[in-house]
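Residue numbers (our numbering): 17 to 353. Glycine included, each C-beta is placed from N, C-alpha and C at the ideal position. Single-structure report; data block below.
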Amino acid sequence: MRKRVVLITGAAGEIGQALIHDLSATATYDILSLDLHPLPDEMKGLSTHIVGDVLDKKLFARLVTEYEIDVLFHLAALLSTRSEFAPDLAHQVNVNGTLALMQLAADQTQRRGEPVKFIFPSSIAAYGLPDLATKERDLTVREWDWNYPTTMYGCNKLYCELLGSYYSGHYLQLARTEPVMIDFRSVRFPGLISAFTVPSGGTTDYGPEMLHAAAQGKPYACFVREDTILPFMVMSDAIQALLGLGAAPRTSLRRSVYNVTSFSISAAGFRERVLAAFPDAQITFQPDLRRQGIVDTWPAGLNDRSARRDWDWQPAYDVERAFGEYLVPNIHQRYKG
Ligand code: SER
Numbered sequence: 017m018r019k020r021v022v023l024i025t026g027a028a029g030e031i032g033q034a035l036i037h038d039l040s041a042t043a044t045y046d047i048l049s050l051d052l053h054p055l056p057d058e059m060k061g062l063s064t065h066i067v068g069d070v071l072d073k074k075l076f077a078r079l080v081t082e083y084e085i086d087v088l089f090h091l092a093a094l095l096s097t098r099s100e101f102a103p104d105l106a107h108q109v110n111v112n113g114t115l116a117l118m119q120l121a122a123d124q125t126q127r128r129g130e131p132v133k134f135i136f137p138s139s140i141a142a143y144g145l146p147d148l149a150t151k152e153r154d155l156t157v158r159e160w161d162w163n164y165p166t167t168m169y170g171c172n173k174l175y176c177e178l179l180g181s182y183y184s185g186h187y188l189q190l191a192r193t194e195p196v197m198i199d200f201r202s203v204r205f206p207g208l209i210s211a212f213t214v215p216s217g218g219t220t221d222y223g224p225e226m227l228h229a230a231a232q233g234k235p236y237a238c239f240v241r242e243d244t245i246l247p248f249m250v251m252s253d254a255i256q257a258l259l260g261l262g263a264a265p266r267t268s269l270r271r272s273v274y275n276v277t278s279f280s281i282s283a284a285g286f287r288e289r290v291l292a293a294f295p296d297a298q299i300t301f302q303p304d305l306r307r308q309g310i311v312d313t314w315p316a317g318l319n320d321r322s323a324r325r326d327w328d329w330q331p332a333y334d335v336e337r338a339f340g341e342y343l344v345p346n347i348h349q350r351y352k353g
C-alpha cells in the first residue's frame, strides 16, 4: 500500500521550513519534502526529504508509486526580483512546474477517487497599479481589483491561480465526460517576515533584511524609498493562513484565491521600529530604480474580508505584537553571542 503523505515543494525556502516545523509538531501527516537544496541539518528527521527539481517528471512518476499525496503545498518558485533577471527560468519553474504538479494532482485525484488538496501561495505581485496616485487612492485592494501585474513573477502567480480554478472544475481528461476536480486553494500573501530565516530574490526583502542586519550590527542600505508602503505579515501568521485555508470545509469557500494580510507600513516606519529595538542600527536609503518600480505597482494594503468571512482568517500578530512579541525577541535570541 502506498504511504499517505503531505508533499511540500520548495521545502528549503522560508515558508517551507516554517511549515515543516509546524506540521511535524502536530504529527497529523507524514511529510514528504522536495527542494533543489537539502534542508538545514537541524531539520533532519522532520520529513522525508528529496533533493530534486519540480520540473523532473521522472522523479514524480517514481514518487507516486510509493506515496499517495493527500495534500500538496506547492511553494517552489523564483521570487519577483530574481525572476526579472531570469524571466525564462522563472516561467519554467513558476508556471511549467506548477502545471506539472496540477497535472499530477489531477491524475492522483482520478486514481483514488478523492480530490487532492492543492495549496498554493500567491502574492501581492498579482496586482499591478498603474501609478502612485492610484496606489494612494486605492489603499486596500480586493482580489479582483487591478489584476495587471507588471513582473514575470506576478504574471506567473496570476496565471497559476487561474490554472488552479481550471483544474478544480473544468479539466476533462481524454475519453472522460466528467471533469477531474482537484481541491485548489490559494492565498495572496503580502511581504513575509521571519525571525528565523532571511529571504532572497524577493522585492519585499528590504523589511526582513533591515531587521536581520540591525540585529547583527551590520549597516543596511534599503533599496526602496522611505515613503514606500506595502502590506506585511509575520511568518507564523503566514503558516496559520495556509493551514487555516487548508482545513476549511470546502463548502464554506466561495473563492479559490483569498487575500490575507496583517499590517501596512512604510519603509521609514519599518526603520523606526527597527531603531526602537536596535538603537545603534545604521539604516540608509538608496533606492534601486528597478526594484522601486516594482513596489510602486504593488498595493499599500490588501482587503482580506473574504478570508475573514469564509474561513475565519485573522492574523495573530498586528504590528505591535509582530515586532514586540515575535520578531525582536526571536531575532535577539537567534544572533545572541
Ligand atoms: N515576497 C515576494 C517577493 O518580493 C512577493 O510575494 O517577490
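Examine the ligand SER and report whether any of its heavy atoms sits within less than 8 Å of the Cβ of ASP221.
Translated into the one-based positions of the sequence shown, residue 221 becomes position 205. Within the cutoff, so yes.
In whole angstroms, what separates the C-alpha of LEU269 from that of TRP327?
By 1-based counting over the sequence shown, the position of residue 269 is 253. By 1-based counting over the sequence shown, the position of residue 327 is 311. Distance between the alpha carbons of LEU269 and TRP327 is about 7 Å.
Within 10 Å of its beta-carbon, does TYR351 have 16 or more other beta-carbons around it, so buried, or fewer, so exposed?
Position 335 of the sequence shown holds residue 351. By the beta-carbon neighbour count (other beta carbons within 10 angstroms, threshold 16), TYR351 is exposed.
Reference THR219, options SER202, SER139, TYR83, THR156, closest by Cα:
Taking the sequence shown and counting its residues from 1, one reaches residue 219 at position 203. The residue with the shortest Cα to Cα distance from THR219 is SER139.
With DSSP collapsed to three states, give me the class of LEU62.
If you number the sequence shown from 1, residue 62 lands on position 46. Coil at LEU62, not helix or strand.
The ligand SER heavy atoms versus the CB of ILE281: any closer than 8 Å?
Mapped onto the sequence shown, residue 281 falls at position 265. ILE281 has its Cβ no nearer than 8 Å to any heavy atom of the ligand SER.
Identify which residue in GLY68, ASP72, TYR45, LYS74 has its Cα closest to the Cα of LEU62.
If you number the sequence shown from 1, residue 62 lands on position 46. Comparing Cα positions, the closest option is TYR45.
Cβ-Cβ distance between LEU174 and PRO165 below 9 Å
The sequence position of residue 174 within the sequence shown is 158, counting from 1. The sequence position of residue 165 within the sequence shown is 149, counting from 1. Yes; because the gap between Cβ atoms is below 9 Å, this pair is in contact.
One or two residues paired with SER202 in a DSSP bridge:
Residue mapping note: residue 202 aligns to position 186 of the sequence shown, counting from 1. Per DSSP, PHE136, VAL273.
I'd like to confirm something about GLY32: is its beta-carbon nearer than 8 Å to some heavy atom of the ligand SER, or not?
Locating residue 32 in the sequence shown gives position 16, where the first residue counts as 1. No, the Cβ of GLY32 stays beyond 8 Å of every heavy atom of the ligand SER.
Could you pull the start and end residues of the alpha helix (DSSP H) that GLY129 belongs to?
Locating residue 129 in the sequence shown gives position 113, where the first residue counts as 1. Taken as a continuous stretch (DSSP letters only), GLY129 belongs to no alpha helix (DSSP H), as it is neither H nor E.
Opening and closing residue of the beta strand (DSSP E) in which GLY207 lies
As a position in the sequence shown, residue 207 is number 191, starting the count at 1. Here the beta strand (DSSP E) through GLY207 covers 207-209.
In whole angstroms, what is the alpha-carbon distance linking ASP221 and LEU75?
Translated into positions along the sequence shown, residue 221 becomes position 205. Translated into positions along the sequence shown, residue 75 becomes position 59. Between ASP221 and LEU75, the C-alpha separation is close to 32 Å.
Report, in whole angstroms, the separation of the C-beta atoms of LYS133 and GLY262, which I expect to be a contact under 8 Å.
As a first step, residue 133 must be located in the sequence shown, where it is residue number 117. As a first step, residue 262 must be located in the sequence shown, where it is residue number 246. Rounded, the Cβ-Cβ distance is 6 Å, consistent with contact.
Using DSSP with H/G/I as helix, E/B as strand and the rest coil, what is PRO103?
Your numbering for residue 103 matches position 87 in the sequence shown. Reduced to three states, the DSSP call for PRO103 is helix.
Inspect the CB distances between the stretch 251-260 and the stretch 295-314 and report whether three or more fall short of 8 Å.
Output reads no: the stretch 295-314 does not touch the stretch 251-260.
Throw me the rounded Cβ distance for the GLU225 and VAL214 pair, which I believe falls under 8 Å.
The sequence position of residue 225 within the sequence shown is 209, counting from 1. The sequence position of residue 214 within the sequence shown is 198, counting from 1. Right, the Cβ-Cβ distance comes to about 7 Å (below 8 Å), so this counts as a contact.
Cβ of ALA141 within 8 Å of any heavy atom in the ligand SER?
Your numbering for residue 141 matches position 125 in the sequence shown. True, at least one ligand heavy atom lies under 8 Å from that Cβ.
Among GLN124, ALA41, TYR169, which one has its Cα closest to the Cα of LEU92?
If you number the sequence shown from 1, residue 92 lands on position 76. Reading the sequence as shown, one finds Ala at residue 92 and not Leu. Taking only the C-alpha atoms, the option nearest ALA92 is TYR169.
With a threshold of 8 Å, establish whether the CB of TYR182 neighbours any heavy atom of the ligand SER.
Here the question's residue 182 lines up with position 166 in the sequence shown. Because no heavy atom of the ligand SER lies under 8 Å away, the Cβ of TYR182 does not count as near it: no.
In whole angstroms, what is the alpha-carbon distance linking PRO331 and PHE205?
For this step, residue 331 is matched to residue 315 along the sequence shown. For this step, residue 205 is matched to residue 189 along the sequence shown. Using only the alpha carbons, I get a separation of about 12 Å.
Report yes if the C-beta of LEU95 is less than 8 Å from at least one heavy atom of the ligand SER; otherwise report no.
For the purposes of this step, residue 95 is identified with residue 79 of the sequence shown, where counting begins at 1. True, at least one ligand heavy atom lies under 8 Å from that Cβ.
So for MET168, helix, strand or coil by DSSP?
As a working note, residue 168 is residue 152 in the sequence shown. Three-state result, MET168: helix.
Under the rule that 16 or more other beta-carbon atoms within 10 Å means buried, what is PHE286, buried or exposed?
For the purposes of this step, residue 286 is identified with residue 270 of the sequence shown, where counting begins at 1. Answer is buried; the Cβ neighbour count reaches 16.
Looking at TYR169 and the ligand SER, is the gap between the Cβ and the nearest heavy atom below 8 Å?
What you label residue 169 is simply residue 153 of the sequence shown in a count that begins at 1. Yes - the ligand SER has a heavy atom lying nearer than 8 Å to the Cβ of TYR169.
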